[in-house]
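Enquirer:
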Amino acid sequence: MYWTGLSPDEARQFLANKDKSKRDKRISLKEAVQKYVKDGDNLGIAGFVNARQPIAIVHEIIRQGRKDLTLSFQSAGLAPEYLAGAMCLDPAKNSIKRMELAYLAHEAFGISPLLRYLTENSLIELEDWSNYNMSARFKAGSMGLPFIPCRSPMGSDMLKTNRAVVQDCPFTNRPIMLLPASHPNVALVHVQEADIYGNCRIQGPLFTCPEIAMASAHTIVTCDRLIEHDDMTRYPNRISIPYFAVDAVIEVPFGAYPGNSGGLYYYDEKHIPEFRNACEKFRKGDRAPLQEYYDNYIFGVENTTEFINKIPLSQIQYVQKIEPGIRLDAAYTVLGS
Amino acid sequence: MAKYSEDFTPQEMIVVAGSRTLIDNKVVFAGTGLPMVAITLAQLTHGPGIVPVFEAGAVGPELSRGLPLSVGGSRTTYKANYLLGLNSAFELTQRGFCDFGFIGGAEIDPYGNLNSTMMGSFPDGYQKPKTRLPGSGGASDMACSCERTIIIMVHEPRRFNEKIDYITSPGYLDGSPNARWRAGMAGQGPYRVITTKAIMGFDDETKRMKLIATLPGETVKSVQEATGFELIIPDDVYAFEPPTVEEIRLIREVIDPKGYFVRKKIKE
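Chains Y and H, in that order, give the protein sequences.
Residues in the first sequence are numbered consecutively from 0, following numbering that gives the first Met the number 0.
Residues in the second sequence are numbered consecutively from 0, following numbering that gives the first Met the number 0.
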């Protein structure tokens with residue numbers, strides 16, 4: 000048995016020695032990545048496919064360059080695709096060693112061209128799991144358990160190459176699957192609202208963000224907006240990630256763009272295909288469009304604000320306009336008689 | 000006006016067949032793409048009480064804000080009755096709250112096992128596949144733990160194989176008696192396979208795929224010819240009722256007007 004990231008005992012020891020004080024954790028994204036993301040780290044990528052993916056954090060990692068990364072996620076799209084593209088263009092600057100994943104593609108926008116490129120050329124190592132498996136592995140980590148039992152996908156070929164163990168349940172005597180906990184070195188999380196201490200309020204589906212943040216040694220949070228601490232704690236049971244699980248908070252409006260951030264902006268149906276098509280051309284042998292994309296939108300800018308400035312305002316307005324704008328405020332009205 | 004549409008694509012046919020297979024008031028765990036379209040069509044026709052569940056966390060939403068581009072997108076959450084995250088959605092499934100899982104795959108075998116992971120030799124070629132596919136996502140969890148599964152497939156010989164390269168989402172495994180139970184799965188397994196050419200089920204004894212109905216324009220012979228293994232052909236195979244003008248109108252004008260999932264050309 001081997002662990003990627005921290006073993007359960009290392010993860011426990013790490014927290015024992017950690018400063019859990021309630022302090023202002025605002026810091027620049029550049030500093031946060033410098034401080035917490037190291038070569039060889041296991042990164043827990045939060046969000047789900049192209050919703051609330053940590054795009055701003057990933058772009059900053061790519062600008063700085065990190066090598067031999069392990070990426071752990073359930074279903075993801077843009078974040079691993081961007082890291083894969085950076086590796087394709089210059090593996091001496093950015094590289095992925097391994098992915099522990101359930102799904103990498105873009106749903107309605109199509110498959111992941113660079114997952115195909117990297118795997119079909121045997122450039123990365125894979126460990127396939129199901130969505131529930133990856134979610135439950137983060138959950139085990141967040142619960143301080145070394146493993147978690149699970150009833151799917153028993154019978155699948157995934158069990159032949161991943162670290163799951165099938166044993167007879169000591170109580171029912173029926174086969175049950177045991178999954179090793181996942182403790183990434185760093186969780187990369189984007190949420191709609193956070194306060195300066197790192198408390199996060201997620202609007203819409205939580206995906207597996209709370210579990211990833213709680214399981215990881217460090218957590219970097221970007222938020223579309225910082226809100227007052229008093230507004231955050233007015234509804235304590237709407238706090239999705241508690242401050243002591245967070246190391247750095249950075250207000251990055253559009254930090255999940257061109258993906259979806261529930262209640263704020265929808266998927267950009269123009270920009271996602273623009274990027275994905277450049278990836279597809281790379282897979283087919285034409286590297287110029289991908290190089291041009293990175294030079295323009297990632298290496299040619301300092302931060303997310305400059306990236307967004309390159310997108311036509313009408314396009315940004317459109318993704319805001321079509322977002323359903325459902326806000327799950329923790330308020331209520333009394334039912335009329 | 001004619002009752003039946005005379006102009007529909009194979010994908011629209013699949014959506015109509017999928018929709019009609021769904022039963023009102025059942026909880027249906029939906030994978031991305033055509034299953035979402037079929038559930039919406041069913042809700043707008045015979046199944047207003049269908050409860051959709053999406054793996055990113057939404058349970059029982061109204062799908063009236065436009066077709067979701069993703070099972071994690073905001074449009075899956077509108078007026079949802081319960082909304083947490085992936086763990087909660089799959090825990091509901093494991094507990095037994097989900098009657099049907101609605102999934103697809105790239106490749107299927109006679110026992111309803113699905114591949115959505117890789118083409119090539121497995122396990123020795125796992126780290127260097129011939130073609131890498133997106134991976135399981137939640138499909139394998141739905142296949143194991145929803146009470147029954149409904150499978151949607153493009154019907155081509157290369158996708159229907161006696162042996163598939165990789166089992167992502169288990170069906171009846173090798174078809175031996177109680178194979179799923181012995182493997183430790185909770186759900187009962189595949190219920191229907193809905194394709195661009197036919198509706199199929201599984202033989203109670205052998206667990207092999209059997210033809211139930213042929214879709215418009217198809218015959219028992221044409222369906223068998225498009226299937227890479229031998230189907231069981233019972234005596235009571237019937238011709239499936241064609242899509243109505245109204246069903247096709249709902250798909251094109253109301254559910255997927257931009258053609259995200261339905262009008263995509265099927266790759267040969």
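We put the beta carbon where it would ideally sit given N, CA and C, even for glycine.
Please confirm whether residue 272 of chain Y has its beta-carbon closer than 8 Å to some beta-carbon of chain H.
Expert: Closer than 8 Å: no.
Enquirer: Where DSSP assigns a beta bridge to residue 43 of chain Y, which residues make up the other side?
Expert: According to DSSP, which records beta bridges pairwise, residue 43 of chain Y is partnered with Y:71, Y:186.
Enquirer: Quick one: list the residues of chain H neighbouring residue 153 of chain Y, beta-carbon separation under 8 Å, in chain order.
Expert: Ordered by position in chain H, the residues that pass the 8 Å Cβ test against residue 153 of chain Y are 143, 169, 182, 183, 184.
Enquirer: Nearest chain H C-beta to residue 192 of chain Y closer than 8 Å, yes or no?
Expert: no
Enquirer: Can you find a C-beta in chain H that's less than 8 Å from the C-beta of residue 175 of chain Y?
Expert: yes
Enquirer: Whole angstroms is fine: what's the gap from residue 13 of chain Y's alpha carbon to residue 6 of chain Y's?
Expert: Note on geometry: alpha-carbon atoms of residue 13 of chain Y and residue 6 of chain Y lie some 10 Å from one another.
Enquirer: I want to know whether the region 109-116 of chain H touches the region 166-179 of chain H - three or more CB-CB distances under 8 Å.
Expert: yes
Enquirer: May I ask you to list, following chain order, the residues of the region 100-120 of chain Y that have a beta carbon less than 7 Å from some beta carbon of chain H?
Expert: 100, 101, 102, 103, 104, 106, 107, 110, 111, 114, 115, 118, 119
Enquirer: Can you confirm whether the region 49-65 of chain H touches the region 242-251 of chain H when touching is taken to mean that 3 or more C-beta pairs between the two stretches lie within less than 8 Å?
Expert: Too few Cβ pairs lie closer than 8 Å, so no.
Enquirer: How about the region 77-87 of chain H and the region 120-134 of chain H: do they share at least three Cβ pairs that are nearer than 8 Å?
Expert: no
Enquirer: CB residue 196 of chain H to CB residue 154 of chain H, shorter than 8 Å?
Expert: For residue 196 of chain H and residue 154 of chain H, yes; Cβs fall inside 8 Å.
Enquirer: Given 8 Å as the limit, is there contact between the region 223-236 of chain Y and the region 269-279 of chain Y, that is, 3 or more CB pairs closer than that?
Expert: no
Enquirer: Which of the three DSSP states is assigned to residue 84 of chain Y in this structure?
Expert: helix
Enquirer: Starting from the beta carbon of residue 68 of chain H, find every residue of chain Y whose beta carbon is closer than 7 Å, and list them in chain order.
Expert: Here the neighbours are 106, 107, 266.
Enquirer: Would you check if the distance between the CB atom of residue 160 of chain H and the CB atom of residue 108 of chain H is smaller than 8 Å?
Expert: yes
Enquirer: Among Y:255, Y:322, Y:283, which one has its Cα closest to the Cα of residue 362 of chain Y?
Expert: Since the displayed chain Y opens at 0 and closes at 336, residue 362 of chain Y lies outside it and no answer follows.
Enquirer: Does the distance from the C-beta atom of residue 53 of chain Y to that of residue 217 of chain Y stay below 8 Å?
Expert: no
Enquirer: For the beta strand (DSSP E) containing residue 29 of chain H, list its first residue and its last residue.
Expert: 26-29
Enquirer: Looking at chain H, which residues of the region 195-219 of chain Y have a Cβ within less than 8 Å of any of its Cβ atoms?
Expert: 203, 204, 205, 206, 207, 208, 209, 210
Enquirer: Within the same chain, show all residues whose beta-carbon is closer than 6 Å to that of residue 162 of chain Y, passing over the 5 residues directly before and after it, in chain order.
Expert: Cβ within range, chain order: 179.
Enquirer: My output table needs one value for residue 97 of chain H: the three-state DSSP class, helix, strand or coil.
Expert: coil
Enquirer: State the Cα-Cα distance for the pair residue 41 of chain Y and residue 186 of chain Y, rounded to the nearest angstrom.
Expert: 9 Å
Enquirer: Can you give the Cα-Cα distance for residue 343 of chain Y and residue 313 of chain Y, rounded to whole angstroms?
Expert: As displayed, chain Y neither begins before 0 nor continues past 336, which places residue 343 of chain Y out of reach and without an answer.
Enquirer: Could you tell me if residue 204 of chain H is buried or exposed, where buried requires 16 or more neighbouring beta carbons within 10 angstroms of its beta carbon?
Expert: exposed
Enquirer: Classify residue 255 of chain H: buried if its beta carbon has 16 or more other beta carbons within 10 angstroms, exposed otherwise.
Expert: Residue environment for residue 255 of chain H: buried (at least 16 other C-beta atoms within 10 angstroms of its C-beta).
Enquirer: Can you give me the Cβ contacts of residue 330 of chain Y inside the same chain, cut-off strictly under 7 Å, excluding the 5 residues immediately before and after it?
Expert: Any reading at residue 330 of chain Y must be qualified, since the residue scores a pLDDT of 45, below 50, and its modelled position is unreliable; the value itself is stated next. Once the five neighbours on either side are set aside, residue 330 of chain Y has no close Cβ partner at all.
Enquirer: CB-CB under 6 Å to residue 132 of chain Y, same chain, minus the five flanking residues each way: which ones, in chain order?
Expert: Contacts found: 178.
Enquirer: Give every residue of the same chain whose Cβ lies closer than 7 Å to the Cβ of residue 18 of chain H, excluding the five residues on either side of it in the sequence, and list them in chain order.
Expert: 37, 40, 41, 44
Enquirer: Listed in chain order, which residues of the region 85-118 of chain H have Cβ atoms closer than 9 Å to some Cβ of chain Y?
Expert: Per Cβ criterion, the list reads 85, 86, 87, 88, 89, 90, 92, 93, 112, 114, 115, 116, 117.
Enquirer: Using 8 Å as the threshold, is the C-beta distance between residue 192 of chain H and residue 141 of chain H below it?
Expert: no
Enquirer: Roughly how many angstroms separate the alpha carbons of residue 39 of chain Y and residue 29 of chain Y, rounded to a whole number?
Expert: Approximately 19 Å between the Cα atoms of the pair.
Enquirer: Listing by chain order, which chain Y residues have their CB less than 9 Å from the CB of residue 280 of chain H?
Expert: Nothing about residue 280 of chain H can be reported from this structure: the residues present for chain H run from 0 to 267 only.
Enquirer: Please look up how many angstroms separate the CB atoms of residue 46 of chain Y and residue 75 of chain Y, rounded, as I've assumed it's under 8 Å.
Expert: 7 Å
Enquirer: Rounding to the nearest angstrom, what Cα-Cα distance links residue 202 of chain Y and residue 139 of chain H in this structure?
Expert: 28 Å
Enquirer: Compare the C-beta of residue 134 of chain H against all C-beta atoms of chain Y and say whether one is closer than 8 Å.
Expert: yes
Enquirer: Using 8 Å as the threshold, is the C-beta distance between residue 100 of chain Y and residue 82 of chain Y below it?
Expert: no
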